[in-house]
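*Asks:* These protein sequences, in sequence, are chains W and Z.
Going by this note's numbering, the first sequence opens with residue 12, and the numbers climb by one from there.
Going by this note's numbering, the second sequence opens with residue 12, and the numbers climb by one from there.
Just so it is clear, CB atoms sit at the ideal spot from N, CA and C, and this is done for glycine as well.
Model, not experiment: these values are computed from the prediction.
2 protein chains.
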Amino acid sequence: MGPTIRDVAREAKVSTATVSHVLNNTGQPSPRTRLHVLAVVRRLGYFPNAHARNLASRNSRTLGIIVSDIENPFFPEVIRSFEARARQLGYEVILGDTNYDPNLMRRATERMLEHHVRGVAVMTSEANLQLIQEIARRRIAVTFLDLGPVQEYVSNLRIDYFSGIEQVVEHLFQLGHRRMIFAGERPGLKSNIARREAFIACMKARGLDPGPNLKGDLRFAGGVAAGLATLTLKPRPTAVVAVNDLTAVGLIKGFTQAGLRVPEDISVTGFDKIQLAEYVTPSITTVDIHRDWLGRTAADALHELSSADKPQGREYPIPAELIVRASTGPARSRESKVEGRKLEELLLTF
Amino acid sequence: MGPTIRDVAREAKVSTATVSHVLNNTGQPSPRTRLHVLAVVRRLGYFPNAHARNLASRNSRTLGIIVSDIENPFFPEVIRSFEARARQLGYEVILGDTNYDPNLMRRATERMLEHHVRGVAVMTSEANLQLIQEIARRRIAVTFLDLGPVQEYVSNLRIDYFSGIEQVVEHLFQLGHRRMIFAGERPGLKSNIARREAFIACMKARGLDPGPNLKGDLRFAGGVAAGLATLTLKPRPTAVVAVNDLTAVGLIKGFTQAGLRVPEDISVTGFDKIQLAEYVTPSITTVDIHRDWLGRTAADALHELSSADKPQGREYPIPAELIVRASTGPARSRESKVEGRKLEELLLTF
DNA sequence: TCCAACACCTGAAACGTTTAATGTAGTACC
DNA sequence: GGTACTACATTAAACGTTTCAGGTGTTGGA
């Protein structure tokens, strides 16, 4: 056991209240006392007990963040910026990782309750409704990511998928592309459906046909398959907008296998700006959802909500930004042929 | 504020002590009382206050983990398995992310002290010596990763770099490679030096010349540079063992630019098994350090240390495993030429 | 009938802080 | 010299648990 505030008080010949005031910059300790106490604190190697502190102080200074998958490269950056901002605002942070498991989600939420967090950022697609009730009842601030309506104590972070896709389509349009398709929507996952819908809207706004949707599994294999499926389309599209980067990598693999060059013969775009997208050949034009912004905004939103006297939630748009790299180029007018036999062969291989 | 244990006690017409016993499976509450209390707990939506619990109970049930960079894909997996195991053993977990900043490292360590952790896993290359003293003084268990000696209260996790490199060299040797070099050591970083030294030892054990060391920055650019440098060697090596996957990706890029095919003309291996290594073309033969094992072992080690009566630390080897993929192939006897002029041109470009 | 043993339950003192409420000098002003 | 401040310090009551040291009632054997 380390020294307690009482040890410090005794050693400095003051009361524990004075020590507390010095440590928290509350009350008005004289500069002399202040320095003296600080010296004793240092000499004794005293660190205040966080639990006692939380227990004694009326309102805890803790925020929680629950993510669905800490191994998904999207989240660590969000966590870091959330934590950095929270700390700046004077909060502790506790982390929950659900691994997409409703059971772990429940336990994570309970943990937030047990730690009496002041607010919690929920970044999972499903949220346990009953527990959310429990949270609301305790007047704890909540932010969701792309989920549900804004209400009392509940703010929402909305990723601007539309703007991201709009920038992609505009970029390709500028390059002369007119036949573009979307690849990789997976039913049931909101964030992907939003991208697909944005694509359709952007195409229609330009008087273009959005074409068929090539479904996929959101991963590499799905991209490869979608790539080969693209080759069967007549006329062949000059650009493919992938639902995410991994699918885009798969697409490129598929095209390359078939003898098509990217971007000379066909352009490909991704979404998410994962590390992979940068080092693959060609490097992939993609959309960056500013993850640091997302984390920081979540912390700000919770702070605002929990320190307002009228805690009405609001929406926070999270911007998306086009990153142009090597996988997009001018549209080709003439179509380079892939022989029928070769294509068939390829389709069998995969 | 939610209900407290007193509310539950009043409602159930028992004492708070009884409620506590029911909740912690201590004492001997009668089954009847037990069920009744549990029902009230549920009805009231009571969750015990973690801070009060920690404060009141003699020994805290919290472990800490400090990592140098949560955005490095290595760590999230470690964190997840550490946390899963810790929770299994009945601990809470608090996380510190230092972002390689000594200042944040200090604050993270202080936070561990403030939360009265029972043990802390330190996975950063530098550790603040003074704070470590402070930790030792409080008899808190510590595990380091590849750092410092074992002592009282301090265990060490040792990644078996030697075995990993040995497997790589043996694999290449079996494929007929004899002229191999190592690429990418960066002075000062222990984990990389260990790989380089292992390489030299493995080569010598086979009576082979380890050749020059191509220094690099451990990243993509360093790999590209090392790749081009390799081309200037006479005779050209038939295989390059990269210090990590990112360097390997760079190497492949360099070779491909120069017109060499991987693995037909030259084999390349990586280390770490990052996601990128799988999707790049060709996919990279690499070494997997079992990150889940690492996290789990850290939690186990802390548990063991902190619940032993004689808390003497020990070493825990972390195995490494070769993953054979497409970037390695049989050694070529004849050397395909890269023209002098083209090479020079390439070197200027990068 | 008495006593010991047992099963179950409770009272109350911690745990280490914060924070109102209160106290006590010293100073300035009339 | 009295009054009203001001500037510091302190006392003591929370905060919500755990846990030790009993307490009470029942059972069973002598």
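Starting from Z:N139, trace the beta strand (DSSP E) both ways and give me its first and last residue.
*Replies:* Segment: none, Z:N139 is in no beta strand (DSSP E) and carries neither H nor E.
*Asks:* Mind checking the segment 277 to 291 of chain W against chain Z and listing, in chain order, the residues whose C-beta falls within less than 9 Å of any C-beta there?
*Replies:* So the list reads I285, Q286, L287, E289, Y290, V291, given in the order they occur along the chain.
*Asks:* Closest Cβ-Cβ distance between Z:F361 and chain W: below 7 Å?
*Replies:* Legend: pLDDT at Z:F361 = 45, less than 50; position of this residue unreliable, value from coordinates given subsequently. No - not a single Cβ of chain W is within 7 Å of the one on Z:F361.
*Asks:* So Z:L124 contacts chain W; which residues on that side make the cut at Cβ distance below 8 Å?
*Replies:* Those are G13, F58, listed as they occur along chain W.
*Asks:* Helix, strand or coil for Z:D108, going by three-state DSSP, please let me know.
*Replies:* DSSP places Z:D108 in strand when its eight states are reduced to three.
*Asks:* Cβ atoms of W:N83 and W:R117: under 7 Å apart, would you say?
*Replies:* Cβ distance not < 7 Å, so W:R117 and W:N83 don't count as in contact.
*Asks:* Which residue from Z:V133, Z:D303, Z:A309 puts its Cα closest to that of Z:E88?
*Replies:* Nearest C-alpha to Z:E88: Z:D303.
*Asks:* Report yes if the CB atom of Z:F58 is closer than 7 Å to the CB atom of W:L124, and no otherwise.
*Replies:* Yes.
*Asks:* By the three-class DSSP mapping on this structure, what secondary structure does W:H299 have?
*Replies:* Reading off the sequence shown, one finds Asp at residue 299 of chain W, where the question assumed His. Residue state, collapsed to three classes: strand.
*Asks:* Using the beta-carbon of each residue, which ones in chain Z are nearer than 7 Å to W:F231?
*Replies:* The contacting residues are Y290.
*Asks:* Nearest to W:A3 by CA position, among W:S41, W:M12, W:V52, is which residue?
*Replies:* In this structure chain W extends from 12 to 361, so residue 3 of chain W is not present and cannot be described.
*Asks:* Hey, how far is the Cα of Z:A240 from the Cα of Z:S202?
*Replies:* Those two C-alpha atoms are separated by around 23 Å.
*Asks:* Within 10 Å of its beta-carbon, does Z:S31 have 16 or more other beta-carbons around it, so buried, or fewer, so exposed?
*Replies:* Under this definition Z:S31 is a buried residue.
*Asks:* Identify, in the order they occur along the chain, each residue of the same chain with its Cβ nearer than 8 Å to the Cβ of Z:T339, setting aside the five sequence neighbours on each side.
*Replies:* Here the set comprises H182, L183, L186, A250, P274, S278, V279, T280, T296.
*Asks:* In its own chain, which residues sit with a C-beta less than 8 Å from the C-beta of W:G13, not counting the 5 before and 5 after it?
*Replies:* Same-chain partners within the cutoff: G56, Y57, F58.
*Asks:* Would Z:L363 and Z:V298 qualify as a contact pair, given that the criterion is a beta-carbon distance under 7 Å?
*Replies:* An answer regarding residue 363 of chain Z cannot be provided, because it is not within the stretch 12 to 361 covered by chain Z.
*Asks:* So that I know if they touch, is there some Cβ in chain W lying closer than 7 Å to that of Z:R352?
*Replies:* Caution applies to Z:R352, whose pLDDT of 49 falls short of 50 and renders its modelled position unreliable; the value that the coordinates give is listed next. So no, Z:R352 is outside the interface.
*Asks:* Mind checking the segment 49 to 74 of chain Z against chain W and listing, in chain order, the residues whose C-beta falls within less than 7 Å of any C-beta there?
*Replies:* Hits within the stretch, in order: G56, F58, P59, N60, A61, H62, A63, N65, L66.
*Asks:* For Z:R129 and Z:R72, what's the separation of their Cα atoms in angstroms?
*Replies:* Approximately 6 Å, taken between the alpha carbons.
*Asks:* Can you give me, in chain order, the residues of the segment 141 to 154 of chain W that have a beta carbon less than 8 Å from any beta carbon in chain Z?
*Replies:* For the segment 141 to 154 of chain W, which is checked against every Cβ of chain Z, the residues closer than 8 Å are E145, R148, R149.
*Asks:* Applying the criterion that 16 or more other CB atoms from any shown protein chain within 10 Å of the CB defines a buried residue, is W:A28 buried or exposed?
*Replies:* Exposed, because fewer than 16 other Cβ atoms sit within 10 Å of the Cβ of W:A28.
*Asks:* Which term fits Z:N70, buried or exposed, when burial requires 16 or more other beta carbons within 10 angstroms of its beta carbon?
*Replies:* Label assigned to Z:N70: exposed.
*Asks:* Is DSSP giving Z:L113 helix, strand or coil here?
*Replies:* According to the sequence provided, residue 113 of chain Z is Pro. The question's Leu does not apply to it. The answer is helix: DSSP assigns Z:P113 an H, G or I state.
*Asks:* Please tell me whether Z:D424 has its Cβ less than 7 Å away from any Cβ of chain W.
*Replies:* This structure does not reach residue 424 of chain Z, given that chain Z is present from 12 up to 361, and the question cannot be answered.
*Asks:* Of the choices Z:Q141, Z:F193, Z:A259, Z:A310, whose alpha-carbon is the least far from that of Z:R247?
*Replies:* Per the Cα distances, Z:F193.
*Asks:* Cutting at 6 Å between CB atoms, please list the residues of its own chain near W:A331, excluding the five before and the five after it.
*Replies:* So the qualifying residues of the chain are D171, S174, G175, V298, I300.
*Asks:* Would you say W:A119 and W:T154 are within 7 Å of each other, going by their C-beta atoms?
*Replies:* Against a cut-off of 7 Å, the Cβ pair of W:T154 and W:A119 comes out as no contact.
*Asks:* Kindly provide the ranges of any beta strand (DSSP E) runs that are 3 or more residues long and lie completely inside the segment 246 to 301 of chain W, ordered along the chain.
*Replies:* Taking only runs of at least 3 residues, the beta strand (DSSP E) segments lying wholly in the segment 246 to 301 of chain W are 250 to 253, 278 to 280, 297 to 300.
*Asks:* Which word fits W:A342, buried or exposed, when buried means at least 16 other C-beta atoms lie within 10 angstroms of its C-beta?
*Replies:* Flag for W:A342 reads buried.
*Asks:* Which class does W:V78 belong to by DSSP, given the choice of helix, strand or coil?
*Replies:* It is a strand residue.
*Asks:* Under 7 Å Cβ to Cβ from W:R206, same chain only, skipping five residues before and after it: list those, please.
*Replies:* Closer than 7 Å at the Cβ level, and outside the excluded window around W:R206, lie Y172, I176, V254, F282.
*Asks:* Pull up the DSSP beta-bridge partners for Z:Q323, would you.
*Replies:* Partner(s): Z:E163.
*Asks:* To the nearest whole angstrom, what separates the beta carbons of W:G234 and W:G261, a pair I think is in contact under 8 Å?
*Replies:* 2 Å between Cβ atoms; contact.
*Asks:* Quick check: the Cα distance between W:T360 and W:A237, rounded to an integer number of angstroms?
*Replies:* Its pLDDT being 48, under 50, W:T360 is placed unreliably in this model, and the coordinates cannot settle the point.
*Asks:* Give me the residue from Z:R190, Z:Y102, Z:P42, Z:S294 with the minimum Cα distance to Z:I76.
*Replies:* Checking every option, the nearest Cα to that of Z:I76 belongs to Z:Y102.
*Asks:* Could you check whether the Cβ of Z:I334 sits closer than 7 Å to any Cβ belonging to chain W?
*Replies:* Chain W, which has no Cβ nearer than 7 Å to the Cβ of Z:I334, makes this no.
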